[in-house]
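Below is one structure, written out as C-alpha cells; the observations come after it.
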Amino acid sequence: MDLIKHVATGARRYPSITVSLLIILFLIGISLYAIICIPLSDAIEMWNAPPHELFHMPRSVPPAWTNLFRREPLPETWHVPMEQFEFTEGRFSEAAGLTAIEITFDYSFTTFPSGMTFFYDVDYGSKRPILTLTWIKPDGSEEEVIREIPNRGSSRYNFDAEEDLLVRPSVDGEPGGKDPAADRTDRATQGEYTLRVEAITFEENEFAIDGEIIVYGSVHGVAGTDYRRRDVATALFWGAPIAIMFGFLASIGTTLLGFTLAAIGAWYGGWVDATLQRITEVNMMIPFLPTIMVVGFFLSTNLWVLLGFIVGFSIFTGRLKTYRAMFLQLKSAEYIEAARAYGASNLRIIFRYMIPHIFPAVLPHLILGIPRFVFLEASLAFLGVADPQLLTWGKMLSEARSALYQGEYQSVLGPALLLLLTGLSFSMLGYTLDRIFNPRLRGI
Amino acid sequence: MKDSAVQGTEGARRELERGERVRAVGRALRYLGIRSLIVVLTVMVGIYAAIWVTNLGGVGDEDRRADIRAMVALGSRGPHWREMTQEVREETLEAAFQAAYRAADLDQPFFLRSFRYFGQAVSLSLGDTRFHTLSGSNVVRDVLLERLPRTLLIFGVANLITFLVGLGISLGLSRRYGSFLDRAATLLVPLFAAPPWFHGLFLIVIFAIVLKILPFGGFLGTSIPETSLAYTLTVLKHLVLPVLATVLGTLPYAVYTNRALFLIHSSDDHVEMAKSKGLRADRLQRRYILRPVLPAVITNFAFLAIVAWEAVIITENVFNWPGLGALVLQAIQMHDVSVVIGAVTLLAVLLGVTILFLDILYVVVDPRVKFGGGGDA
Chain A
-13 MDLIKHVATG
-3 ARRYPSITVS
7 LLIILFLIGI
17 SLYAIICIPL
27 SDAIEMWNAP
37 PHELFHMPRS
47 VPPAWTNLFR
57 REPLPETWHV
67 PMEQFEFTEG
77 RFSEAAGLTA
87 IEITFDYSFT
97 TFPSGMTFFY
107 DVDYGSKRPI
117 LTLTWIKPDG
127 SEEEVIREIP
137 NRGSSRYNFD
147 AEEDLLVRPS
157 VDGEPGGKDP
167 AADRTDRATQ
177 GEYTLRVEAI
187 TFEENEFAID
197 GEIIVYGSVH
207 GVAGTDYRRR
217 DVATALFWGA
227 PIAIMFGFLA
237 SIGTTLLGFT
247 LAAIGAWYGG
257 WVDATLQRIT
267 EVNMMIPFLP
277 TIMVVGFFLS
287 TNLWVLLGFI
297 VGFSIFTGRL
307 KTYRAMFLQL
317 KSAEYIEAAR
327 AYGASNLRII
337 FRYMIPHIFP
347 AVLPHLILGI
357 PRFVFLEASL
367 AFLGVADPQL
377 LTWGKMLSEA
387 RSALYQGEYQ
397 SVLGPALLLL
407 LTGLSFSMLG
417 YTLDRIFNPR
427 LRGI
Chain B
1338 MKDSAVQGTE
1348 GARRELERGE
1358 RVRAVGRALR
1368 YLGIRSLIVV
1378 LTVMVGIYAA
1388 IWVTNLGGVG
1398 DEDRRADIRA
1408 MVALGSRGPH
1418 WREMTQEVRE
1428 ETLEAAFQAA
1438 YRAADLDQPF
1448 FLRSFRYFGQ
1458 AVSLSLGDTR
1468 FHTLSGSNVV
1478 RDVLLERLPR
1488 TLLIFGVANL
1498 ITFLVGLGIS
1508 LGLSRRYGSF
1518 LDRAATLLVP
1528 LFAAPPWFHG
1538 LFLIVIFAIV
1548 LKILPFGGFL
1558 GTSIPETSLA
1568 YTLTVLKHLV
1578 LPVLATVLGT
1588 LPYAVYTNRA
1598 LFLIHSSDDH
1608 VEMAKSKGLR
1618 ADRLQRRYIL
1628 RPVLPAVITN
1638 FAFLAIVAWE
1648 AVIITENVFN
1658 WPGLGALVLQ
1668 AIQMHDVSVV
1678 IGAVTLLAVL
1688 LGVTILFLDI
1698 LYVVVDPRVK
1708 FGGGGDA
C-alpha cells in the first residue's frame, strides 16, 4: 500500500512516470490484441510459409497509412475474381467451339500497383483446348498476351504493371500507339481495363476455367510486407507479448532469486556467504554471451531453456554483491535486533523483515532489467540463436538485415521502433523510480 | 610515535613523512598483489567452468565424435574399400572410428579430459583449425592472437571515449543542474537503453547507405593497403562506426550515473564550506567534488566495461569486424570446439585484466587504500 502511494505521489512530481506507463500500457495492449485475435499457430505458419504460398500478398511494400503523407495514394491489393463475369459460348462446327469471358475492372489510381497477375485453373476432358488472353486498355487498344495450349491445373500470367496499365499517346492517331518519346515514368492511366479470355475447345461441355486477377497493392496493412510477402504486422504484434513476457520473467527471476540469495548469505554469513561470494566471482569471469551462444547452438534454441540458462548465469553478478552490501548494513539495524530478541526464526527475519525493507530499493533494478533482457533476447536472435517456433522482434531484425541494406525499411523500422519503445518506457520508469526510492537520489 | 625526542627537528619530520609514504606504497602493493592473485585464481576457475559449460553435459563430445567420424569416413574411400564386403567395410570403419576416438582421448571420461583441455586452453596450444590468419597460418593460437588486437582496439578506443567524454559531460551537466540542457539530457538517456548493435544498424543505414561516407563494415576493405599510413587510415575509417555504436550504447548511461554521483556529493559539507570560502567553480569541481567521487565513478565504469565486453562481441558481428567476437560466433556455428574454448579463454582473461586494471586505477585515485582503512573494492 505504502509502495503504491509512493508511486502515486511520484507520478505527480515526475511526469515521466505517466509517459512511460502510457507506453507500457500501449505495449500490453498490442500483446493482448495479438494473444486474443491472432492464433499463435497461424502466425507461426504464416511466418515460416514459403513465398509461393503467400501469392496473394504483395512483396516488399510499405504500410497503408503512408498514403496519408502522399499526394497521390498508392493502391492496396485487390482481387478481381472471374466468377463475377459471364461466359459466352458458341460452336463453330461439330468439332470446335469457342468459350469466352471478359474480366473487367476499373483502375482509379494514378500510381502503379506493385504487380499484377492473372491466376487461372484449367480443366478439360481429353482434348486440350487453345487458350488466348487478350489485354484491352481503356483506349480500346488490344494486345494478345498469351496464346497457348494449357496444361491441366493452375498457371499464371504476370503482367508488366507499369506497361500494361499505361496508355501511351499514339504517333499516327491509331489507338495503342507506342510513342518512343513517352517514357516509363508516366502515371498510370485511369479507366476500364479488360482481360478477354478465349478458349477454342474441341469437345463439348468438358472445358472449365476459373481464376482471378490480383492487382498487388503498393501498400499493405498496418506494417507492410517483407521480401517474402509476409505480413510484417502479425509478427510485430506477436513479438510484443513474447518480448514482455521474456523480459519480465527473466528480470523477476534474476532480481528476486539474487535478492533472496544475497539476504540469506548476508544473514547466515560464514560458509554460506563465502560460497555465494566465490560462485559470484567465478561466474563474473565466465564470458556470458559466448556461453549462452554455445547453449543456443549446441543444446537448444527453445526460448524457455535459454531463459533458464540466462537467469542462472545472471543471478551471480555484481548485483548480488550490491544487494549483499545493503543487507549487511541492515543486519545490525535496531528493529532486526528487536526481532531477534523476541525469538523470530531466521527465515522469518529474512522474509518478513529484511527483504520487504530493501525491496523498494530493488524495484528500479527489476524494472530496468526488463528492457535489458528484452534486448538480450533480441541480441541472441540477431546472432542466430532464435527459437524457430516463435516470432520475436530480434528475429525479425536479423532476418531483415540484408533487406535493410537494400532500402526496404518497413520490415526493420517496426521491430526497431517497438524495441526502442520498450527500452524507453521501462528505462524511463526504472530511472524515475530509482530517483523516488533511492534516498540519496531524491530531489535530483 | 615512539621517538618523540627527535620529532622537533625538520630532518626527522621529513624522514617520518618518507617512511609513511613508503608504508603507503607497500600497503597499496600488498593490496594489488592480493587482488591480482584473486583475479588470476577466479579467471582460472572461470575458464575451467567454461570448459564444462561448452561441453554441455556430453553434447560437445558427441559433436567432436561426429566430426571425427566424418573425417575418417571421408578418408575411407578408394578401390580397396570398394572391394570389401559390406560387413568387413563396416567393421574396418568402426575400428578406424574407435582408433580415432582413442587418438583424440575421447574414450576417457570427460572429467579427466577436462584438466587436459584446461591446460591446453591456458597455454592456448589448441592445435589446428579451419580458420586461418592473413598470413595463412591455421594454428588456433595464431588465429586468436591475430584477432585479439583488433578486438582490443574497438574496446579500448570506445571505453576511453566513454570514460573521458562521459566524465566531461556529466561534470558539465551537474554544474548546470536544472538547466534546459541538463533536463533534456536526463530525459534522453532512456532512449539509448538499446545495446550498441542496435544503434549500429542505423549508423550503417545513415553513414554507409544514405551518406555513403563510411564503409558498411569489415576491417581493411577489399585489398590490403601497401603503405603503413594507408593501412592505418583504412583501419581508422572502418573503426569509426563500430566505436560510435559502442559509445552510443554506453555513454548515456555513464553520463547519467556520473551526474547523479556528482550531484549527491556537491552538497557535502566540505563542498559547502569551500563554496562559502569563495572558491572558483571549476577548482571546486576538480578538487572538492571530482576527487572524492572518482572511486565511485570508476566502480560504475567497471560495471560498464564488463557489459561492454558482451556488447563488443555483437558489434563485431554487425560490422563484420574480424575480431574475437566475430570469431567466436563463426566457431560456434562451425562447431569448432577448440577455437570456441580458446576464444572464451581469451575473453575471460580480458575480463580479468579489465578488472585488475580498474583495481590499479582505484588504488591510484582512492587514498583510503593507500593510507589504511582498506578499500572496499
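Read top to bottom, the protein sequences are chains A and B.
No gaps in the numbering here: position 382 of the first sequence is 368 in this note's numbering, and each next residue is one more.
No gaps in the numbering here: position 315 of the second sequence is 1652 in this note's numbering, and each next residue is one more.
Glycine included, C-beta positions come from ideal geometry on N, C-alpha and C.
Take residue i as the anchor and find which of the options has the nearest alpha-carbon.
| i | options | result |
| --- | --- | --- |
| T1652/B | L1538/B, L1551/B, R1478/B | L1538/B |
| V47/A | Q263/A, G233/A, L366/A, H206/A | H206/A |
| L275/A | F41/A, G370/A, A324/A | G370/A |
| R387/A | P374/A, D373/A, T408/A, S365/A | S365/A |
| Y202/A | A324/A, V258/A, L60/A | L60/A |
| Y417/A | G1348/B, K1574/B, I1546/B, Y1590/B | Y1590/B |
| L1501/B | E1347/B, A1685/B, Q1622/B, V1584/B | V1584/B |
| F1593/B | F1556/B, V1665/B, G1505/B | It should be pointed out that residue 1593/B corresponds to Tyr in this sequence rather than to Phe. Per the Cα distances, G1505/B. |
| L1600/B | G1456/B, I1626/B, T1523/B | I1626/B |
| P1579/B | V1608/B, A1530/B, S1603/B, N1657/B | N1657/B |
| P350/A | S413/A, E189/A, M32/A | S413/A |
Among residues of its own chain, excluding the 5 on either side of residue i, which ones have a beta-carbon nearer than 7 Å to its beta-carbon?
| i | result |
| --- | --- |
| G1679/B | A1458, L1461, L1463, V1477, L1481 |
| Y1438/B | R1402, I1405, D1444 |
| L404/A | L222, G225, A226, W379 |
Is the beta carbon of residue i less than 8 Å from the beta carbon of residue j?
| i | j | result |
| --- | --- | --- |
| F361/A | L383/A | no |
| S1511/B | R1596/B | yes |
| T1379/B | M340/A | no |
| F223/A | Y0/A | no |
| P44/A | T74/A | no |
| F232/A | L293/A | yes |
| A185/A | T96/A | no |
| D1673/B | R1487/B | no |
| I356/A | F234/A | yes |
| Y309/A | A372/A | no |
| H1536/B | A1582/B | yes |
| V131/A | L119/A | yes |
Take residue i and list the residues in its own chain whose beta-carbon comes closer than 6 Å to its own, dropping the five residues that flank it on each side.
| i | result |
| --- | --- |
| I10/A | S411 |
| I87/A | F71, F73, V183 |
| I335/A | A325 |
| L40/A | R215 |
| S299/A | Here residue 299/A is Phe; the residue named in the question, Ser, does not match the sequence. Around F299/A: F274. |
| G1711/B | Per-residue confidence for G1711/B stands at a pLDDT of 41, beneath the threshold of 50, marking its modelled position as unreliable; no derived number is given. |
| W51/A | none |
For residue i, count neighbouring C-beta atoms within 10 Å of its own C-beta (all shown protein chains included) and say buried if the count is 16 or more, exposed if not.
| i | result |
| --- | --- |
| R1484/B | buried |
| T1499/B | buried |
| N1392/B | buried |
| D1703/B | buried |
| E1352/B | exposed |
| G1715/B | The requested residue 1715/B does not occur in the structure, where chain B is confined to residues 1338 to 1714. |
| I217/A | Here residue 217/A is Asp; the residue named in the question, Ile, does not match the sequence. Label assigned to D217/A: buried. |
| L1566/B | exposed |
| Y93/A | buried |
| M1338/B | In this prediction, M1338/B has a pLDDT of 45, which is less than 50 and means its spatial position is unreliable; what the coordinates show is noted afterwards. Exposed: under 16 other Cβ atoms inside 10 Å. |
| D28/A | exposed |
| R57/A | exposed |
| T4/A | exposed |
| A81/A | exposed |
| R1360/B | exposed |
| G255/A | exposed |
| L54/A | exposed |
| D1442/B | exposed |
Assuming residue i and residue j are in contact, meaning their beta carbons sit under 8 Å apart, how far apart are those beta carbons, in whole angstroms?
| i | j | result |
| --- | --- | --- |
| T1587/B | A1633/B | About 17 Å separates the two Cβ atoms, so there is no contact after all. |
| V398/A | T241/A | The Cβ separation is near 32 Å, so there is no contact. |
| A252/A | K317/A | 6 Å |
| P346/A | F423/A | 4 Å |
| Y110/A | F193/A | 5 Å |
| F302/A | V281/A | Not a contact, Cβ separation roughly 16 Å. |
| P507/A | S204/A | Chain A is shown from -13 up to 430; residue 507/A falls before or after that span and cannot be answered. |
| L13/A | L407/A | 7 Å |
Closer than 7 Å to a non-hydrogen atom of the ligand FMN - does that hold for the CB of residue i?
| i | result |
| --- | --- |
| F423/A | As presented, the structure is devoid of all ligands, the ligand FMN included, so that no description of it is given. |
Leaving out five residues on either side along the sequence, give the residues of the same chain with a beta carbon under 8 Å from the beta carbon of residue i.
| i | result |
| --- | --- |
| I1643/B | L1688, T1691, I1692 |
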